Every structure is written in structure tokens, then in C-alpha cells.
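Mapping to our numbering: the first sequence position 64 is 1339, numbers consecutive. By construction, the Cβ of each residue, glycine as well, lies at the ideal position given by its N, Cα and C atoms. Since the structure is predicted, the reported quantities are computational estimates derived from the model, not experimental observations.
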Amino acid sequence: MNYWLMKSEPNAFSIDDLEKMPQQTEHWDGVRNYQARNMMRDQMKLGDQVFFYHSNCDTPGIVGLMEVVRESYPDHTAFDPESKYFDPKSSPEKPRWFMVDIKYTRHTRRVLSLAELKAQELLENMPLVRKGNRLSIMPVAKDEWDYILRLEGQE
DNA sequence: GCCAACGTTGGC
DNA sequence: GCCAACGTTGGC
């Protein structure tokens, strides 16, 4: 099993929005970065566990847990000229962009802020806390995953 | 293939 | 709102 972290701006789509979706499930569309796409397309598997991260907000940080419930398939928003994610270079015959389906598991008991994560020596190798990293999807090592869940239990 | 210009991300 | 860090684009 793999572990991941996925970012979303809560203004656009928050953990609360995900919880309210039918089946508490939504497709993770709009990824337009090749590195992120490749991980999603090639490595995200059914049952993989995912941290939901709120970016570009008052307190950026991990706010919940989710699970991959459908492996990658073409991102149809790329085919829609009305969509802000439209990409004329992607077509149903030759899709360029992909998405997975994600299901809500739970909120974390508290927000694990970026500031708190940055203060953890054991997390210093996470791309998340490294300067200039802009990946919207990134792998999380199992020991990092476990460490963060233990951190959640502390006040 | 190089690289300047430009656009985006995202913390602060 | 600012700006650093990147990624992408396109002229040459």
C-alpha cells in the first residue's frame, strides 16, 4: 500500500466539500502537472491512503484522511472548452491528463499545520516542507505517515 | 538545444 | 499583495 498527500485550496474544494459529496467520493480533476500526473496515473492504487492538505489559506496544513477508490482514468475536464482545466492538446482518443477517485475517511482531530510539520525533524525529507516545492500530489513514506498520525494524537 | 519571458503556485 | 521558486512556452 502507498501513502500520498494531495493539496487543494479550500476555497475551491475543501475536506468539508468532500465529506458532503454523494458516497463521500469525488474525482480529483484538474491536475495539470506532469510529475503529479505520472504519480497519479502510474502509482496510485486502490486502497492507497491519502492526506488531504489545505493550501493557500489562513492555516495551510493536513486536515483529513482519504482513500483511493478508483484508479486513474482520463480527466474529462480537459476535453471541455467551458472548463477552466480545458486543454486542447488532450482528447478522448489521446488523453493527456488523468484523475483518480478519492473517498473521504475522516477529518483529523485537529489541523496539522505546515508550521508544525516543518518543526518536526523526522519530517524534514518530506517534499512538502522543502523550500519551493509546488507539487500538488506527493508520496508520503510509511514512517512519515505513521509519525504524522502520532503527532495528531498530541496537543 | 538554449534561455528569456511569462504564468502559476502557495507561503507569508 | 508580495515575491521566490518553479514549470512552460516560444523565438532563435
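Identify, in the order they occur along the chain, each residue of the same chain with its Cβ nearer than 8 Å to the Cβ of residue i, setting aside the five sequence neighbours on each side.
i, result
"lysine 1417", "Tyr1278"
"leucine 1397", "Asp1418, Glu1419 and Tyr1422"
"asparagine 1286", "Asn1331 and Cys1332"
"glycine 1322", "Met1276, Glu1342 and Val1343"
"glutamate 1427", "Thr1383, Arg1384, Arg1385 and Leu1387"
What did DSSP end up calling residue i once you bin it into helix, strand or coil?
i, result
"glutamate 1294", "helix"
"threonine 1334", "coil"
"leucine 1403", "helix"
"leucine 1280", "strand"
"tyrosine 1360", "coil"
"glutamine 1324", "strand"
"lysine 1378", "strand"
"leucine 1435", "Outside the displayed span of the chain (1276 to 1430) sits residue 1435, for which this structure offers no information."
"glutamate 1368", "coil"
Given residue i, which residues of its chain have a CB within under 6 Å of its CB, disregarding the five upstream and five downstream residues?
i, result
"aspartate 1304", "Asp1350, Thr1352 and Met1374"
"alanine 1394", "none"
"asparagine 1408", "Pro1402"
"glutamine 1299", "Lys1378 and Tyr1379"
Could you check how far apart the C-beta atoms of residue i and residue j are, in whole angstroms? I think they sit under 8 Å.
i, j, result
"aspartate 1376", "valine 1344", "5 Å"
Measuring alpha carbon to alpha carbon, tell me which of the options ends up nearest residue i.
i, options, result
"lysine 1320", "Glu1346, Phe1354 and Val1338", "Glu1346"
"serine 1283", "Phe1361, Pro1402 and Tyr1328", "Tyr1328"
"arginine 1381", "Phe1288, Gln1429 and Glu1294", "Glu1294"
"asparagine 1313", "Thr1334, Met1296, Leu1426 and Trp1372", "Trp1372"
"valine 1386", "Lys1364, Asp1362 and Gln1429", "Gln1429"
"glycine 1336", "Asn1400, Arg1405, Lys1406 and Leu1392", "Leu1392"
"aspartate 1317", "Pro1414, Glu1427 and Thr1383", "Pro1414"
"phenylalanine 1354", "Thr1383, Pro1297, Val1325 and Pro1370", "Pro1370"
"valine 1338", "Met1315, Asn1308 and Arg1384", "Arg1384"
"aspartate 1325", "Tyr1348, Leu1280 and Met1296", "This sequence places valine at residue 1325; aspartate is not what is there. It is Leu1280 whose Cα lies nearest to the Cα of valine 1325."
"serine 1388", "Tyr1348, Leu1424, Pro1356 and Asp1362", "Leu1424"
"glutamate 1368", "Tyr1348, Tyr1360 and Lys1359", "Tyr1348"
Taking its Cβ as the centre, do 16 or more other Cβ atoms sit within 10 Å of residue i, making it buried, or is it exposed?
i, result
"alanine 1390", "exposed"
"serine 1411", "buried"
"glutamate 1301", "buried"
"threonine 1365", "For the sequence presented, residue 1365 should be read as serine rather than threonine. Classification for serine 1365: buried."
"arginine 1405", "exposed"
"threonine 1334", "exposed"
Enumerate in chain order the residues of its own chain whose CB-to-CB distance from residue i is below 7 Å, with the five nearest sequence positions on each side excluded.
i, result
"alanine 1311", "Leu1410, Ser1411 and Ile1412"
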